[in-house]
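Structure record follows, encoded as structure tokens.
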Amino acid sequence: MTSNNTKNAVNKRYIQNAIDVLMFPLIAIVLGLFVAVFFVMWAKNLGFFDGVATLFSAIWEGTFGKRANFIETLVATTPLIFTGLAHSVAFRTGLFNIGVEGQFIMGMLAAALIGLIPGIPSFIHVILVLLGGVIFGAVWAAIPGYLKAKVGTNEVVNTIMMNFIAMNVSNYFVKGPIHREGSASSKMILESAQLYRFLGPSERVNIGLFIGLVLIFVIYWLLWKTTIGYELRAVGLNRHAAEYGGINSKKNIVLAMVISGAIAGLGGAVHVAGTIHKVHQLVGFTNYGFDGIAVALLAKSHPIGVLFSSLLFGGLNSSARILQKYRIPKQIVYIIQGIIIIFVAADYIYKWFKEKKKKEAIKNA
Amino acid sequence: MEKVIEMRGITKIFPGIIANDNVNFELRKGEIHVLLGENGAGKTTLMNILYGLYQPDKGEIYVNGKKVDIKGPSDAIALGIGMVHQHFMLVHNFTVAENIILGSEPKVGLKIDYKKAVNDVKELADKYGFKVDPNSIIEDITVGQQQKVEILKALYRGAEILILDEPTAVLTPQEIEELGQILKNLVKEGKSIILITHKLKEVMNMSDRVTIIRRGKIIDTVNTKDVDMDTLAEMMVGRKVNLVVQKDPPKVGDVVLKIENLEALDHRKLPKLKGVNLEVRAGEILGIAGVDGNGQTELVEVITGLRKATGGKVILNGQDITNKTPKEIIEAGISNIPEDRHKHGLVLKFSLIENAVLGQHDKEPFSKGILMNYNKIREYAKKLIDDFDVRTPSEEVHAGALSGGNQQKFIAAREITKDPYLLIATQPTRGLDVGAIEYIHKRLVEERDKGKAVLLVSLELDEVMALSDRIAVMYDGKIVGILDADKTNEMELGILMAGGTLKKEGEHDKQ
Chain A
1 MTSNNTKNAV NKRYIQNAID VLMFPLIAIV LGLFVAVFFV MWAKNLGFFD GVATLFSAIW
61 EGTFGKRANF IETLVATTPL IFTGLAHSVA FRTGLFNIGV EGQFIMGMLA AALIGLIPGI
121 PSFIHVILVL LGGVIFGAVW AAIPGYLKAK VGTNEVVNTI MMNFIAMNVS NYFVKGPIHR
181 EGSASSKMIL ESAQLYRFLG PSERVNIGLF IGLVLIFVIY WLLWKTTIGY ELRAVGLNRH
241 AAEYGGINSK KNIVLAMVIS GAIAGLGGAV HVAGTIHKVH QLVGFTNYGF DGIAVALLAK
301 SHPIGVLFSS LLFGGLNSSA RILQKYRIPK QIVYIIQGII IIFVAADYIY KWFKEKKKKE
361 AIKNA
Chain B
1 MEKVIEMRGI TKIFPGIIAN DNVNFELRKG EIHVLLGENG AGKTTLMNIL YGLYQPDKGE
61 IYVNGKKVDI KGPSDAIALG IGMVHQHFML VHNFTVAENI ILGSEPKVGL KIDYKKAVND
121 VKELADKYGF KVDPNSIIED ITVGQQQKVE ILKALYRGAE ILILDEPTAV LTPQEIEELG
181 QILKNLVKEG KSIILITHKL KEVMNMSDRV TIIRRGKIID TVNTKDVDMD TLAEMMVGRK
241 VNLVVQKDPP KVGDVVLKIE NLEALDHRKL PKLKGVNLEV RAGEILGIAG VDGNGQTELV
301 EVITGLRKAT GGKVILNGQD ITNKTPKEII EAGISNIPED RHKHGLVLKF SLIENAVLGQ
361 HDKEPFSKGI LMNYNKIREY AKKLIDDFDV RTPSEEVHAG ALSGGNQQKF IAAREITKDP
421 YLLIATQPTR GLDVGAIEYI HKRLVEERDK GKAVLLVSLE LDEVMALSDR IAVMYDGKIV
481 GILDADKTNE MELGILMAGG TLKKEGEHDK Q
């Protein structure tokens with residue numbers, strides 16, 4: 001009886017907890033859409049209800065409503081799963097790895113380079129391509145990670161610089177050794193290096209999506225079921241206590257960066273091997289790495305949350321095209337995303353103040 | 001008698017806590033009035049309201065019979081109220097005089113009239129019997145003198161009413177006596193003083209009246225000469241309190257921890273430990289007494305591997321553990337109840353389950369390879385909670401949700417249950433209520449009786465004296481004397497803590 005009661009109480013707390021955690025992201029999404037409606041009304045001179053109807057039907061059509069669009073949503077979601085997870089691991093360890101973008105680019109480059117090596121059986125070739133992405137991304141993140149642990153340089157500044165280096169390294173290869181004549185991109189990778197497209201070769205969705213889904217659970221397992229995750233999270237939440245408990249925080253900072261970079265690099269490799277099959281010359285960034293920040297923030301750095309938030313951002317990105325068909329400016333999508341991020345950030349700020357106020361109260365009581 | 005301050009029906013609510021609940025308080029002219037209560041009882045909140053740092057949610061304040069609205073410290077200062085905080089607010093590379101005039105500088109044209117400042121300060125200091133040199137730099141003078149500078153600062157601004165928040169926490173017994181004298185001089189000159197403290201001895205020695213506050217409510221205001229310490233303790237805690245720690249004579253065994261000529265730098269890379277020599281034996285509690293900042297923190301950090309030694313040795317059971325990693329030292333058999341439980345002792349946003357194995361999460365049975373065994377860890381956390389009577393709704397809540405006392409019990413549970421050879425406890429009862437203090441003390445004595453070596457570091461001299469079998473006094477990075485606890489007294493310890501020497505040398509400080 002008593003144990004039953006406590007169990008109920010525990011369940012109740014879990015539910016309460018879940019509501020607390022989910023509330024702000026959900027409100028953020030609803031408010032984001034709500035504000036977007038006004039822009040639609042303004043852009044198209046519609047009343048409120050017409051605005052709602054137009055926007056929502058356009059977004060629905062652009063994301064899930066039509067088979068082709070749904071497939072493109074999945075395509076747009078796939079890289080965000082990887083970059084979202086990459087940011088989540090770094091956030092959990094108290095790091096801000098803005099370099100996910102550059103690590104993603106290095107993963108793409110690795111896939112393009114390895115994907116051109118002829119004479120390797122397909123199964124092995126695909127594994128080599130993905131492994132190459134993992135290693136390139138990991139190395140690219142290990143450098144700022146090592147610098148942070150060893151000399152205490154700020155990882156944000158260093159990873160931003162590494163992003164530009166990655167972009168230029170990639171462009172060097174794309175414009176030089178692996179350039180395809182008469183194009184602004186690299187040569188197509190060999191068929192043996194391409195990921196299986198399970199809906200047929202003309203549909204861009206590929207098993208990279210499933211690699212991402214599996215990775216979500218792997219990262220969840222890593223963070224919450226292993227000593228590695230225990231140490232990463234302990235360092236992220238309270239570095240001093242972690243060190244007092246015999247955890248080497250410097251080692252864990254490097255490790256978190258390496259894992260984060262490896263995920264990002266894998267994402268880049270998957271993107272090339274599965275979706276685009278070549279690397280374009282970059283005039284700017286791909287933005288997959290930066291969108292991953294928003295994905296991870298909205299997901300509260302939880303791998304399962306990343307599944308949903310990457311789907312949301314991927315869906316919005318892929319629906320931008322359809323919005324234009326309805327003569328809604330596609331920038332509406334970025335407005336929605338921007339507002340969501342603002343509200344999620346507001347949540348963090350609110351919590352920060354609450355915590356501070358609480359601490360003050362305890363300190364001064 | 002004339003009331004200089006009257007606070008009526010003050011209520012202040014913080015999220016989740018009623019810090020002050022309909023509090024009435026009055027201060028008479030020319031009295032020393034102690035505000036007595038445990039940590040978290042609401043003493044400081046009440047005084048922060050009087051000083052304008054907080055606005056009350058309800059209630060009225062009268063100064064000299066006039067209703068006032070104190071919106072900030074500048075209002076309070078204008079009304080002649082001065083406050084000396086627990087943590088001093090001085091500019092460390094300024095002189096005493098510069099600090100005192102800061103914010104109300106005497107000027108000649110645009111220039112600060114430094115000569116006048118020095119003279120003013122000297123005059124003020126002489127008037128009340130302060131022994132401070134206006135021209136010395138703050139970082140060169142002792143903590144006791146810094147406190148005097150703070151008091152002078154308040155007086156310089158024309159304070160008639162002085163609030164002192166835990167003024168004795170950082171002082172040696174001799175300095176406390178000196179402070180008492182200064183306060184008496186101030187009262188003679190017509191000032192009125194409020195002392196915030198939780199130390200009973202000082203209440204008895206220094207005050208005219210006491211107001212006891214418990215959980216935000218006023219229990220009573222009494223004349224000091226009408227009560228004794230036991231009564232005050234009972235009023236403060238709400239039940240009968242055993243002020244003495246019960247313990248049998250120690251059964252001392254072999255040397256467990258041996259420290260030889262240990263040297264280390266502080267965070268500014270200046271020498272902090274200057275050749276520490278110390279032995280702790282199985283079955284004894286060795287207490288380290290000393291004024292804050294004489295190297296106690298650094299000593300513990302070096303022993304536990306959190307700070308590098310620049311010279312000397314730390315030897316545990318004959319094995320050299322100097323400059324090993326914290327992990328290796330934990331494995332060698334040292335447990336540590338740390339000084340700052342929020343910074344070092346717990347990951348506040350981890351559940352109690354996760355906190356239960358901090359420091360042994362990678363050991364069987366809690367994990368195998370890289371896989372954590374959360375079923376085993378949960379069982380273990382429950383055991384810690386049961387064994388040490390930690391009050392918590394369940395083992396799943398975040399450590400941050402527990403009260404300070406229960407957090408500390410949980411840390412003690414974790415560290416003691418590791419079954420170490422050496423248990424280090426640094427300020428193990430800081431900020432705890434009397435009930436939790438009694439409990440932690442009892443468990444430390446139990447560990448000693450089980451044959452563990454216990455190293456106790458505390459700034460509360462009473463705690464060191466009550467628990468220790470031997471007392472090592474630390475001053476300026478060295479152990480300046482080791483005394484048997486039952487053969488020494490506060491006077492002797494105080495002299496050593498202030499850097500003095502005892503005449504009857506060699507009697508019992510040779511081990």
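Line by line, the protein sequences give chains A and B. Per the UniProt record's numbering: the first sequence = residues 1 to 365. Per the UniProt record's numbering: the second sequence = residues 1 to 511. Cβ atoms here follow ideal geometry from the backbone N, Cα and C, with glycine treated the same way. Just so we're clear, the structure is a prediction, and the values are computed from it rather than from any experiment.
Item                                                                                                              : Value
Residues that A:Ser185 bridges to, as DSSP identifies them                                                        : A:His280
Residue-chain proximity (A:Lys300, chain B), Cβ-Cβ < 8 Å                                                          : no
Under 8 Å between C-beta atoms of B:Lys111 and A:His240                                                           : no
is_contact[A:Tyr220, chain B] using C-beta, thresh 8 Å                                                            : no
Nearest-angstrom beta carbon gap, A:Ile336 and A:Gly32 [assumed within contact, 8 Å]                              : 4 Å
As assigned by DSSP and simplified to three states, the class of B:Tyr475                                         : strand
Own chain partners of B:Asp75 with C-beta closer than 7 Å, once the 5 adjacent residues on each side are dropped  : Gly52
Buried versus exposed call for B:Asp140 [16 or more other C-beta atoms within 10 Å across all chains shown]       : exposed
Chain A within 8 Å of B:Glu298, Cβ atoms only                                                                     : no
Rounded separation between B:Lys188 and B:Asp126 - CA only                                                        : 14 Å
8 Å Cβ cutoff, B:Lys510 in contact with chain A                                                                   : Here the model assigns B:Lys510 a pLDDT of 41, short of 50, so the residue's position is not dependable and the matter cannot be decided.
Proximal residues, the segment 234-250 of chain A versus chain B, C-beta separation under 8 Å                     : Ala234, Leu237, Asn238, His240, Ala241, Ala242, Glu243, Tyr244, Gly245, Gly246, Ile247 and Asn248
Cα-Cα separation, A:Asp347 to B:Phe388                                                                            : 37 Å
Terminal residues of the alpha helix (DSSP H) in which B:Asp387 lies                                              : Tyr374 to Asp387
Residue-level contact to chain B via CB, A:Tyr348, 8 Å cutoff                                                     : no
Proximal residues of chain B, C-beta to C-beta of A:Thr226 below 7 Å                                              : Ile370, Leu371 and Met372
Short-range partners of chain A found in the segment 193-213 of chain B, where Cβ spacing is below 8 Å            : none
Per-residue burial, A:Gly176 [other beta carbons within 10 Å of its own, 16 or more giving buried]                : exposed
Cβ shell of B:Lys29 (< 6 Å), same chain only, five flanking positions each side left out                          : Glu2, Val4 and Ser192
Sequence-distant residues of the same chain with beta carbon closer than 7 Å to B:Gly359, five excluded per side  : Ile330
Short CB-CB distance (under 8 Å) between B:Val222 and chain A                                                     : no
Contained alpha helix (DSSP H) runs [length at least 4] in the segment 195-244 of chain B, N- to C-terminal order : 200-206 and 229-237
Rounded straight-line distance, which links the Cα of A:Asn206 to that of B:Leu348                                : 42 Å
8 Å Cβ cutoff, B:Asp362 in contact with chain A                                                                   : yes
Best match in B:Arg414, B:Gly65 and B:His398 for proximity to B:Leu79 [C-alpha to C-alpha]                        : B:Gly65
Per-residue burial, A:Tyr244 [other beta carbons within 10 Å of its own, 16 or more giving buried]                : buried
Pairwise C-alpha distance: B:Glu460 and B:Ala485                                                                  : 15 Å
B:Lys327: contacting residues in chain A (beta-carbon distance under 7 Å)                                         : Gly246
CB contact check: A:Tyr230 to chain B, cutoff 8 Å                                                                 : yes
DSSP three-state assignment for A:Lys354, whether helix, strand or coil                                           : helix
A:Met162 - containing alpha helix (DSSP H), residue span                                                          : Glu155 to Lys175
Spatial distance of A:Ala18 from A:Gly305 (CA atoms)                                                              : 12 Å
Rounded C-alpha distance that separates B:Asn294 from B:Glu263                                                    : 13 Å
Identity of the residues DSSP links to A:Arg67 by a beta bridge                                                   : Looking at the DSSP assignment, A:Arg67 forms no beta bridge with any residue, so it has no partner.
C-beta atoms of B:Arg414 and B:Leu456 nearer than 8 Å                                                             : no
Expected contact under 8 Å - CB spacing of B:Glu395 and B:Ile353 to nearest Å                                     : 5 Å
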